[in-house]
Structure formats: structure tokens, C-alpha cells
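Data first, discussion second: the structure below is written as C-alpha cells.
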Amino acid sequence: MRELLDRQLGLVCAAQLRSLGLDYRVARRWVAAGRWQRPYPGVYATFSGPLDRAAHIWAAILWVTPEAVASHATAAELDGLTGRIDDRIHVTAPVSRRVRAHADGVVVHYAHRLPLTRHPTANPPRTRLEDTVLDLVDVAVRARDVESVVTMAVQKRLTTSPRLAAALMRRKKIRWRAMAESMLLDVAEGAQSPLELQHLRAVERAHHLPRGCRQRRHAGDRVIWIDVDYGPYHTRVELDGRLGHDGEGRFRDRRRDNAATVSGAWTLRYGHSEIFGEPCRVAQEQARVLHDRGWAGQPRRCGSDCPIP
1 MRELLDRQLG LVCAAQLRSL GLDYRVARRW VAAGRWQRPY PGVYATFSGP LDRAAHIWAA
61 ILWVTPEAVA SHATAAELDG LTGRIDDRIH VTAPVSRRVR AHADGVVVHY AHRLPLTRHP
121 TANPPRTRLE DTVLDLVDVA VRARDVESVV TMAVQKRLTT SPRLAAALMR RKKIRWRAMA
181 ESMLLDVAEG AQSPLELQHL RAVERAHHLP RGCRQRRHAG DRVIWIDVDY GPYHTRVELD
241 GRLGHDGEGR FRDRRRDNAA TVSGAWTLRY GHSEIFGEPC RVAQEQARVL HDRGWAGQPR
301 RCGSDCPIP
């Protein structure tokens with residue numbers, strides 16, 4: 001009993017009590033006496049103080065079934081992939097265990113292949129991080145949300161593009177599959193954020209511009225990272241999201257741009273409004289600079305409204 005409670009952060013369900021030979025009526029008496037508490041029907045906390053977040057998650061899992069795991073936004077929160085983006089607790093159970101009751105704040109999902117996606121050692125139990133990412137992809141409403149969760153997982157070094165791709169191959173059905181497969185290829189090529197992915201697709205690929213080298217490490221007096229480097233044409237593109245480009249970051253960007261100019265490279269700098277709002281204009285401007293720097297190709301129109309002639 002003590003070993004079980006240590007693992008489950010002081011939580012136990014009625015079925016586990018029965019398996020240990022304990023009468024659940026004893027648990028009811030302890031709840032009535034204020035020594036224990038009952039956060040969900042049939043689930044007991046063997047202490048009288050408040051439950052922290054991890055204990056609440058354990059309680060929700062035990063309410064569904066001890067074979068269940070935290071998943072989706074809850075698993076992402078536990079693994080540090082995201083902050084708490086949903087106060088509800090998401091739990092995935094085997095399809096053989098259908099929950100007919102309802103508990104406030106608990107969302108129950110079902111999976112055929114839960115033993116394969118369950119993390120072997122994590123506490124509270126949860127899905128493996130790659131499967132957590134794909135679960136969030138599957139329930140995403142917007143394409144932008146798919147981009148954010150995949151790039152965030154790789155950017156935080158919680159997983160890799162090949163591991164995500166392998167997990168995706170094991171799934172028969174998933175929403176946004178085509179986009180996820182394309183994104184994993186893009187991330188493997190070095191694109192690090194939704195802004196960089198949008199530049200890769202909507203500016204460079206859509207208008208047949210030269211292929212740039214992404215996230216190139218340049219070591220001089222100081223190590224710098226170049227978002228997109230068109231080395232043969234001495235042109236760089238810096239993509240500025242809000243984070244990292246205010247305060248000291250702004251001065252760092254100026255020093256980097258000035259150093260590039262001194263070395264003969266030109267720098268074009270764009271933000272979200274240009275890359276997402278005017279990708280065709282960005283492509284047209286970028287093509288002109290590349291032409292001036294020796295590119296002999298021609299950009300192509302991406303559609304009937306594209307301003308490129």
C-alpha cells in the first residue's frame with residue numbers, strides 16, 4: 001500500500017484497495033473523519049491537505065482507469081512543451097474502457113494503441129512526447145496551431161524531426177497529416193519557427209527563388225546565427241519575431257547587420273506582418289536584391305493576384 005501511494009502521490013482508487021484486500025468502507029470512514037478526501041467518485045486522496053496539479057492529474061487518471069494516461073494539453077504541460085493552456089485534465093484510456101460517467105474538468109479520449117504510446121517511466125503517467133505532439137496536431141483547429149506545436153517541440157530540443165516522423169508513420173489516421181509530413185521535412189532542413197516556415201513556403205518555394213541555407217552558424221569575433229543565408233549572392237534574410245528582438249536583442253541585430261554590410265553581404269529584415277501579410281511583395285523585393293547580387297534566375301508568380309510579372 002505504501003509503495004503504491006508513493007508512486008501515485010498519495011492517490012488510490014477503490015479497485016486498487018480491493019486488490020490489496022482492503023474494504024472500501026474503511027476509506028469512506030476515513031473520508032468522513034476528515035483524514036482522507038475523495039476528489040472523484042471511487043478515488044481517494046490519503047491526506048487532508050489540498051491537491052497540487054500533479055495529484056489532481058493522478059486522481060483524474062485513477063477515476064478513468066489505472067491503465068489510463070495523461071495526454072494532449074495535459075501531457076504537454078507535464079513535459080514542459082507548453083504552459084498550462086487548458087485547466088481541464090485530458091486523459092486517454094484504452095478503447096476497452098468506456099467511461100459513462102462525467103467529471104467536471106476531465107476530458108476522456110480513447111486509443112487503440114495506448115500501450116505503444118504510453119511513456120514507460122513518467123510520473124504521472126502520460127503519452128510519449130512525440131505522441132503528445134501528434135495528439136495536439138490531431139485536435140488542432142488552425143494550421144497555425146500545427147506549425148507552433150511541431151516547431152516548439154523541436155526548438156526546445158524535446159524531440160527531433162526524425163522521431164516525430166517515425167511516430168507519425170505509426171499512426172493510421174490523423175488530421176493535418178499532409179501538412180505535418182511537409183513540416184517535418186522543413187524542420188529537418190533547418191526552419192526553426194512558424195515565421196521561418198512561412199518564409200520557406202510562401203516566399204522562397206512559392207516564387208521559385210534560390211534555396212537559402214537556414215539557421216547557419218557563422219563564427220567570427222562572435223558566433224552569430226543567420227536565419228536565411230544566400231551565400232553565393234552575398235545576401236541574408238533575418239526574420240524577426242517579437243521575442244529576442246527587443247532591448248539588447250535590437251542592438252545585437254544592428255551589430256550583426258553592420259558586420260554583414262562591412263563584409264559585403266546585404267541584409268533584408270522582415271517580421272510577421274510582411275511574411276504572413278505580403279509574401280509576394282517580399283519575394284519581389286528579395287528577387288530584385290538577388291538579381292543585383294548575381295542571381296540569373298527568374299521568380300515565378302504564385303497565383304493570379306501575385307504582383308511578380
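Numbering (the UniProt record's numbering), first residue to last: 1 to 309. Glycine included, every Cβ here is placed at the ideal spot set by N, Cα and C.
Pair within 9 angstroms by beta-carbon distance, residue i and residue j
i: His208; j: Arg300; result: yes
i: Leu9; j: Trp63; result: no
i: Leu184; j: Val150; result: yes
i: Ala103; j: Leu78; result: no
i: Ala27; j: Leu17; result: yes
i: Ala166; j: Ala283; result: no
i: Val137; j: Arg175; result: yes
i: His234; j: Arg293; result: yes
Which listed residue (the options) has its alpha carbon closest to that of residue i
i: Val203; options: Val228, Glu181 and Ala180; result: Val228
i: Arg171; options: Trp266, Leu78, Ala111 and Arg214; result: Ala111
i: His109; options: Leu197, Arg128 and Val69; result: Val69
i: Leu129; options: Ala103, Ser48 and Thr74; result: Thr74
i: Pro162; options: Leu17, Ala103, Ala180 and Pro210; result: Ala180
i: Tyr230; options: Leu116, Arg205, Leu197 and Trp266; result: Trp266
i: Ala14; options: Leu158, Pro66 and Ala167; result: Pro66
i: Val106; options: Ser273, Ser19 and Ser71; result: Ser71
i: Arg157; options: Leu81, Arg126 and Arg144; result: Leu81
i: Arg142; options: Pro194, Pro124, Arg288 and Ser96; result: Pro194
i: Asp305; options: Gly83, Ala287 and Pro279; result: Pro279
i: Phe276; options: Asp131, Gly34, Thr235 and Glu196; result: Glu196
i: Val91; options: Pro120, Thr127 and Asn123; result: Thr127
Inter-residue Cα distance where the pair is residue i and residue j
i: Arg242; j: Val99; result: A caution first: Arg242 carries a pLDDT of 44, below 50, which makes its placement in the model too unreliable to give a value.
i: Gly303; j: Pro309; result: 11 angstroms
i: Arg177; j: Arg7; result: 37 angstroms
i: Glu238; j: Ile226; result: 7 angstroms
i: Ala93; j: Ile61; result: 9 angstroms
i: Asp135; j: Pro232; result: 41 angstroms
i: Ile20; j: Met1; result: Residue identity check: residue 20 is Leu in the sequence provided, not Ile. Taking the straight line from one Cα to the other gives about 7 angstroms.
i: Leu11; j: Phe47; result: 9 angstroms
i: Leu114; j: Gly297; result: 51 angstroms
i: Gln155; j: Ala101; result: 39 angstroms
i: Trp36; j: Lys173; result: 43 angstroms
i: Thr159; j: Thr117; result: 15 angstroms
i: Pro307; j: Glu274; result: 15 angstroms
i: Tyr24; j: Gly83; result: 37 angstroms
i: Arg211; j: Leu5; result: 57 angstroms
i: Gly49; j: Met169; result: 45 angstroms
i: His245; j: Arg269; result: Unreliable placement is indicated for His245, whose pLDDT of 41 sits below 50; the coordinate value is still reported in the next sentence. For His245 and Arg269, the distance between alpha carbons rounds to 12 angstroms.
i: Glu3; j: Leu51; result: 19 angstroms
Identity of the residues DSSP links to residue i by a beta bridge
i: Glu238; result: Arg269
i: Ala206; result: In DSSP, Ala206 forms no bridge with anything.
i: Arg214; result: Val228
i: Pro94; result: Ala111
i: Leu11; result: Ala45
Contact with chain C by residue i, beta-carbon distance below 9 angstroms
i: Asp87; result: Considering every chain present, this structure includes no chain C. It has just one protein chain.
Legend entry - Touch test, the region 37 to 50 against the region 80 to 88, Cβ-Cβ under 8 angstroms, three pairs minimum: Not touching, per the Cβ criterion.
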